[in-house]
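First residue of the sequence shown: 10, per full-length UniProt numbering; consecutive thereafter. Beta carbons: idealized from backbone N, C-alpha and C, even for Gly. Structure first, then comments.
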Amino acid sequence: PRLAIIVVAAGSGTRLGLGVPKAFVPLAGRPLLEHALERVFDQPEPAQVVVVAPASHRAEAVAIGRRVAGIAADALTVVVGGDSRAASVSAGLAAVADTADVVLIHDAARALTPAEVFTRVVQRVRADRAGVIPALAVVDTIARRTPEGAVLGQVDRSELAAVQTPQGFPLAAYRAAVAAIVPGVEHTDDASVFAAAGHPVVTVEGDDRAFKVTTPWDLRRAEQLVRGAGP
Ligand code: CTP
Ligand code: MG
10 PRLAIIVVAA GSGTRLGLGV PKAFVPLAGR PLLEHALERV FDQPEPAQVV
60 VVAPASHRAE AVAIGRRVAG IAADALTVVV GGDSRAASVS AGLAAVADTA
110 DVVLIHDAAR ALTPAEVFTR VVQRVRADRA GVIPALAVVD TIARRTPEGA
160 VLGQVDRSEL AAVQTPQGFP LAAYRAAVAA IVPGVEHTDD ASVFAAAGHP
210 VVTVEGDDRA FKVTTPWDLR RAEQLVRGAG P
């Protein structure tokens, strides 16, 4: 396939606090990863899908993948992740075949991200040959403050965007950008790795449903959405 989608699912889910790696926590009776993969396989382009799982849940990830992918299971690979999200992305990237021109990197924790966001990102990567990130306008007023809580000033909200996944890149250029990471420099997301290598990054419209399940409150909200109760 010309498209590769890496789904990082190897985190431990500390903030959710359920003692189970987050991607394997049940949401309306099925693991978060299963919900995420359903939407990945709903996007219309044939894709190689690489799931990055914790070593403890490798077999479970394979079973979930088979369940969702059905006859497309040939196009699914499960690899074991690392201690940081960046290490997990690297593990996923190593499993991506060079037949792809575009790679998407997606958080399993954004389990309700609709298929159309994937399509929007892929189309823009091909059109612009740039890094592409889904983003939403920030609705809250944002204040800068000291660690003690004293307000230093407000940030111009018109320049801010909340960034989501899937983030998309031309594959070869992304591999080169990862290979060029300066050791010790922390990158907060995949696009900042790409930008650090001198490439342009643009935003496309994100989606409210692409929120990241991080806290117990997020899981409740996701549960309501899946059950059709609305937020
Ligand atoms: N992730 C990963 N490997 C890691 C850390 C994170 O694959 N070593 C993945 C998570 O599974 C998740 C996504 O990156 O799908 C976003 O990370 P985050 O929301 O921080 O998930 P966790 O690290 O699992 O949660 P926490 O930080 O609360 O422990
Ligand atoms: Mg984390």
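For I142, the nearest candidate out of E168, T150, I114, D149 (CA to CA)
Working through the sequence shown from its first residue, we reach residue 142 at position 133. Checking every option, the nearest Cα to that of I142 belongs to I114.
Three-state class that DSSP yields for Q132 in the structure shown
Along the sequence shown, read from residue 1 onward, the residue named residue 132 stands at position 123. Secondary structure of Q132 (DSSP, three-state): helix.
Let me confirm a value: G237 is counted as buried when at least 16 other C-beta atoms fall within 10 Å, else exposed. Which label applies?
Here residue 237 refers to the residue found at position 228 when the sequence shown is read from its first residue. By the neighbour-count rule (16 or more Cβ atoms within 10 Å), G237 is not buried but exposed.
Nearest chain B C-beta to G38 closer than 9 angstroms, yes or no?
Protein chains in the displayed structure number just one, and chain B is not present.
Under 7 angstroms from any heavy atom of the ligand CTP, by CB: list those residues in chain order, please.
In chain order, the qualifying residues are V17, A18, A19, G20, S21, G22, T23, R24, L25, P30, K31, A32, V61, G90, G91, D92, S93, R94, A96, S97, D116, A117, A118, K221, T223.
Pick out whichever of G193, V235, Q132 has its Cα sitting closest to the Cα of Q52.
For the purposes of this step, residue 52 is taken as residue 43 along the sequence shown, with counting starting at 1. Minimum Cα-Cα distance from Q52 among the listed residues G193, V235, Q132 corresponds to Q132.
Once DSSP output is grouped into helix, strand and coil, what is the label at P192?
Here the question's residue 192 lines up with position 183 in the sequence shown. In the three-state scheme derived from DSSP, where H, G and I count as helix and E and B as strand, P192 is classed as coil.
Checking the sheet assignment: what are the DSSP bridge partners for V29?
Walking along the sequence shown from the start, residue 29 turns up at place 20. Paired residue(s): none; V29 is not in a bridge.
For L113, name the three-state secondary structure that DSSP assigns.
Translated into positions along the sequence shown, residue 113 becomes position 104. Reduced to three states, the DSSP call for L113 is strand.
Environment of L161 [buried if 16+ CB atoms lie within 10 Å]:
Translated into positions along the sequence shown, residue 161 becomes position 152. Around the beta-carbon of L161, fewer than 16 other beta-carbon atoms lie within 10 Å, marking it exposed.
Quick one: which unbroken alpha helix (DSSP H) runs of 4-plus residues sit fully inside the region 40-107? Chain order, please.
41-51, 67-78, 94-103, all fully within the region 40-107.
Using a Cβ-Cβ cut-off of 8 angstroms (strictly less than) and excluding sequence neighbours within five positions of T155, which residues of its own chain qualify?
Start at 1 with the first residue of the sequence shown, and residue 155 comes out as number 146. L161, listed in sequence order.
What does the Cβ neighbour count give for P63, buried or exposed, with the cut at 16 atoms within 10 Å?
Residue 63 sits at position 54 when you count from the first residue of the sequence shown. Around the beta carbon of P63, 16 or more other beta carbons sit within 10 angstroms, so the residue counts as buried.
Could you pull out every unbroken alpha helix (DSSP H) segment of at least 4 residues lying fully inside the region 191-237, listed in chain order?
As far as the region 191-237 is concerned, its whole alpha helix (DSSP H) runs of at least 4 residues are 199-205, 225-235.
I think L126 touches T86, with their Cβ atoms under 8 angstroms apart; what is that distance to the nearest whole Å?
Working through the sequence shown from its first residue, we reach residue 126 at position 117. Working through the sequence shown from its first residue, we reach residue 86 at position 77. The identity of residue 126 in the sequence shown is Val, whereas the question assumes Leu. With 8 angstroms as the limit, V126 and T86 do not qualify as a contact, their Cβ atoms being about 22 angstroms apart.
Short Cβ contact (9 angstroms threshold) for V16 with G101
Residue mapping note: residue 16 aligns to position 7 of the sequence shown, counting from 1. Residue mapping note: residue 101 aligns to position 92 of the sequence shown, counting from 1. A contact, by the Cβ cut-off of 9 angstroms.
According to DSSP, simplified to helix, strand and coil, what is A146?
What you label residue 146 is simply residue 137 of the sequence shown in a count that begins at 1. Judged by DSSP in its simplified three-state form, A146 adopts strand.
What is the rounded straight-line gap between the Cα of P209 and the Cα of R24?
By one-based count along the sequence shown, residue 209 stands at place 200. By one-based count along the sequence shown, residue 24 stands at place 15. Here the C-alpha atom of P209 lies approximately 33 angstroms from the C-alpha atom of R24.
Neighbour-count burial assignment, P179, 16 or more Cβ in a 10 Å radius:
By 1-based counting over the sequence shown, the position of residue 179 is 170. Looking at its Cβ environment, which holds 16 or more other Cβ atoms inside 10 Å, P179 is buried.
For A97 and G90, what's the separation of their Cα atoms in angstroms?
The residue you call residue 97 lines up with position 88 of the sequence shown. The residue you call residue 90 lines up with position 81 of the sequence shown. According to the sequence provided, residue 97 is Ser. The question's Ala does not apply to it. In a straight line, the C-alpha of S97 is about 4 angstroms away from that of G90.
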